[in-house]
Amino acid sequence: MLSLSKLVALVVALSAPGIIADNIPELPPVPVDLSTPVQARLAFDGATGMTIGWNTFQQIANPQVHYGLSPNSLQSTALSSSSVKYQTSRTWANTVKLSGLLPSTTYYYKIDSTNSTVSSFTTARAPGDDTPFTAALVIDLGVFGPDGLSTRNTSSTNKTITYPLKPGEHTTIQRLMAMSDVFDFVVHPGDFGYADKWHKELKLGYIPGSMNESTSLYEGLIEQFYDQLSVVSSVKPYMVGAGNHEANCLDGGHGNLTEATFCPPGQTNFTGFINRFGLTMPGSSSSSLVAERFGLFGLNDDVNVEINGKNTNPAHCQMQRPFVDSHLAAGEASCATRTTSANVTTAAALPPFWYSFDYGMVHFIMITTETDLGNGLIGPDERGGGQGDIDGPFGSYPNQQVDFIDQDLASVNRSVTPWVVVAGHRPWYVANEFPCTNCQTAFENLFIKHNVDIGLFGHCHNQQLIAPIKNNQTDPNGWNNPSSPAYVVNGAAGHFEGLNPLYNVSWLPLAYGDDTDYGFSQLVFKDRQHVEIQFINSGSGNITFSQTLFKDHIF
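Here the numbering used here is used: the first residue of the sequence shown is 2, the next is one more, and so on.
Okay, here's the thing in structure tokens:
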């Protein structure tokens, strides 16, 4: 049983904000008007809705968005009571859902503040709309500038920087903005900002500071990243999934330090990722339920803690499990040992980790490769997953994600959305020495069973296109009506560590590989049977490689 002193310490740790030193240069300046929206982001909520998220340096009692069909006539207003934060964050994440909109229509919006401007978005195409469109795929994207990837080729400690930006070269974010009229939305399954690499940046001399300032360094890099990203995410729906660099503050550990011994509450268990995206991705039908599930809390909310294995808010316990479990006395039940049964339907979606959405002729599904692999498999970021992490699982029972994937894909009406695309972070077919074999065991049979057309992955910091393949066997039809999925692996969006070399995997049908250029991909859905997969050079904007996939979609 927890002693009174430990219990008091635990309550304080869970409910108090992290200690942030505002004089850390990595932290963006606090605006004079604390209601100023920063880090704005959009997400589809069906074809007739849009979710708008943003952060502020104060809690907002009733976040509001004014919107309309003209920038000069914002006659509609949507509001919510969703303004939440986590322990080490300087800002509150605000979320408002707009509903009753027209499909494929441009709206103008203004976040309610005395210091905000009018922006715009376009709603999703209705399911079954066969109009051609383009989606951008961006993965493994870091901070650009002095605290990240830049033109410098040596650090302040004279370490060589591999693959710096060329003078005048566009970053991926700049290229996305320059091409924003080309694509309709962005799919980004994992790795945002690389704030968990603060210790390596410190060691290499990318950033000033000390280990004692770790909390501020982490949050500073995160704030910088989402501020930079907002020029894209505030005008294009930005559909996200989890990567390993969202898990905690240490990227698998640093020397003798581990997540369990070093990372403060707020910088463990995907907390920042959940805070920004848990209420914005599709499937977040009830902000209060999702907030409760993940333990998101406002300034004056009570924080539940576990005593003798009992908790009125088990989802909050899950979010804080690495910290809470480390304080449990021997013999006390941990969050990891408590499971509940559930009647599985597509309502088993758990955004931002796994969910789905339709856009025109395509059904997209986002999965997580980091946790919740199901059937006794251990995710890479879970305790015992080989990364030194102790994050997740997040499902209310062990197979929630795989059951969701199975039932969601089974429910797809291929006469309405003939194309099916699945996005995750870690690939299993990849020209790399570390394929995610547990991910393959967890997911590939579901891809094959439900005739998935394309898998989208990253994690490896280069660009690859894998020809259609299943069960480690190349599809004999190649790109002409294969019965196997093709795989795009593009983790070359850019961060301070540069790019990774390709490996020669003799049996892998590698159709394209590039380990010297930063870039992203585009999927150009031309009609119900043809999609062009493009690789875009971020610096030049040129298409460096393209491949058309034909599927007859006769089932």
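For every residue, glycine included, the Cβ atom is placed at its ideal position computed from N, Cα and C.
Bear in mind the structure is a predicted one, so any value in this text is a computation, not a measurement.
Give the straight-line distance between the Cα atoms of residue i and residue j, rounded to the nearest whole angstrom.
i      : j      : result
His392 : His451 : One point to set straight first is that residue 392 is Asp, not His, in the sequence displayed. Their backbone Cα atoms lie some 29 angstroms apart in a straight line.
Glu371 : Asn245 : 6 angstroms
Val525 : Ser235 : 22 angstroms
Gly540 : Val188 : 20 angstroms
Val33  : Ile208 : 26 angstroms
Trp355 : Gln548 : 28 angstroms
Asp518 : Ala62  : 46 angstroms
His171 : Gly377 : 44 angstroms
Ala79  : Gln59  : 20 angstroms
Met362 : Leu75  : 31 angstroms
Glu220 : Pro30  : 13 angstroms
Ser81  : Val97  : 6 angstroms
Gly19  : Val489 : Residue placement at Gly19 is flagged as unreliable, the pLDDT there being 44, under the threshold of 50; the coordinate-derived value follows with that caveat. Taking the straight line joining both Cα atoms gives about 39 angstroms.
Ile112 : Leu351 : 27 angstroms
Arg427 : Pro486 : 16 angstroms
Tyr430 : Ala468 : 10 angstroms
Pro165 : Gly499 : 7 angstroms
Lys471 : Tyr513 : 18 angstroms
Pro128 : Thr163 : 44 angstroms
Glu214 : Val233 : 30 angstroms
Ser114 : Asn95  : 12 angstroms
Leu382 : Pro72  : Leu is not the amino acid found at residue 382; the sequence shown has Asp there. About 45 angstroms.
Thr49  : Pro26  : 42 angstroms
Ala413 : Arg384 : Reading the sequence as shown, one finds Val at residue 413 and not Ala. So the alpha carbons of these two residues sit roughly 34 angstroms apart.
Cys461 : Val453 : 22 angstroms
Ser117 : Trp480 : 48 angstroms
Leu205 : Thr262 : 23 angstroms
Gly194 : Phe497 : 10 angstroms
Phe271 : Gly396 : 14 angstroms
Ile174 : Lys198 : 20 angstroms
Gln408 : Arg529 : 23 angstroms
Ser287 : Ser83  : Bear in mind that the predicted position of Ser287 carries a pLDDT of just 46, short of 50, making it unreliable; the figure below should be weighed with that in mind. Those two C-alpha atoms are separated by around 10 angstroms.
Contact defined as beta carbons within less than 8 angstroms: I believe residue i pairs with residue j. What is the distance between those atoms, to the nearest angstrom?
i      : j      : result
Pro353 : Val421 : Between Val421 and Pro353 the Cβ distance is about 20 angstroms, and since that is not below 8 angstroms, they are no contact.
Ile223 : Ala248 : Actually they are not in contact, since the Cβ atoms of Ile223 and Ala248 sit about 13 angstroms apart, beyond 8 angstroms.
Thr132 : Phe184 : No, Thr132 and Phe184 are not in contact; Cβ-Cβ is about 14 angstroms, not under 8 angstroms.
Leu447 : Val403 : 7 angstroms
Gly267 : Ser90  : 7 angstroms
Leu511 : Cys440 : Actually they do not touch by this definition, with Cβ atoms about 19 angstroms apart.
Thr558 : Leu102 : The structure shown has nothing for residue 558, since the chain only spans 2 to 556.
Asn491 : Phe444 : Wrong, their Cβ atoms sit about 18 angstroms apart, outside the cutoff.
Counting C-beta neighbours from all protein chains within 10 Å, is the total for residue i 16 or more, i.e. buried, or is it exposed?
i      : result
Ile368 : buried
Trp508 : exposed
Ala493 : buried
Phe536 : buried
Ile406 : buried
Ser416 : exposed
Ser120 : buried
Ala44  : buried
Phe226 : buried
Lys552 : buried
Ser217 : buried
Glu260 : buried
Asn455 : Note that residue 455 is Ile in the sequence shown here, rather than Asn. Buried, by the Cβ-count rule.
Ile53  : buried
Phe556 : exposed
Met282 : buried
Asp182 : exposed
Ala41  : buried
Glu202 : buried
Phe186 : buried
Thr161 : exposed
Pro483 : buried
Asp359 : buried
Phe435 : exposed
Ala348 : exposed
Gln474 : exposed
Asn538 : buried
Ser357 : buried
For the ligand SAM, is there a heavy atom less than 7 angstroms away from the beta-carbon of residue i?
i      : result
Arg277 : Questions concerning the ligand SAM fall outside what the structure shown contains, since it holds no ligand whatsoever.
If contact is defined by three or more beta carbon pairs under 8 angstroms, each pair taking one atom from either stretch, is the segment 151-159 in contact with the segment 503-515? no
Any chance the segment 139-152 sits against the segment 253-271, with 3 or more Cβ pairs inside 8 angstroms? no
Length-filtered (3 minimum) beta strand (DSSP E) runs lying within the segment 92-164: 93-99, 107-112, 119-123, 134-138
Could you tell me which uninterrupted beta strand (DSSP E) segments, each at least 3 residues in length, are contained entirely in the segment 378-416, listed from first to last along the chain? none
Can you check the segment 451-535 for any beta strand (DSSP E) of at least 3 residues that lies completely inside it and give the ranges in chain order? 455-458, 464-467, 487-491, 511-515, 520-526
Please give the ranges of any beta strand (DSSP E) in the segment 186-259, keeping only runs that are unbroken, at least 3 residues long and fully inside the region. 186-190, 239-242
Whole beta strand (DSSP E) runs in the segment 29-81 with 3 or more residues, listed along the chain? 39-45, 51-57, 65-69, 77-80
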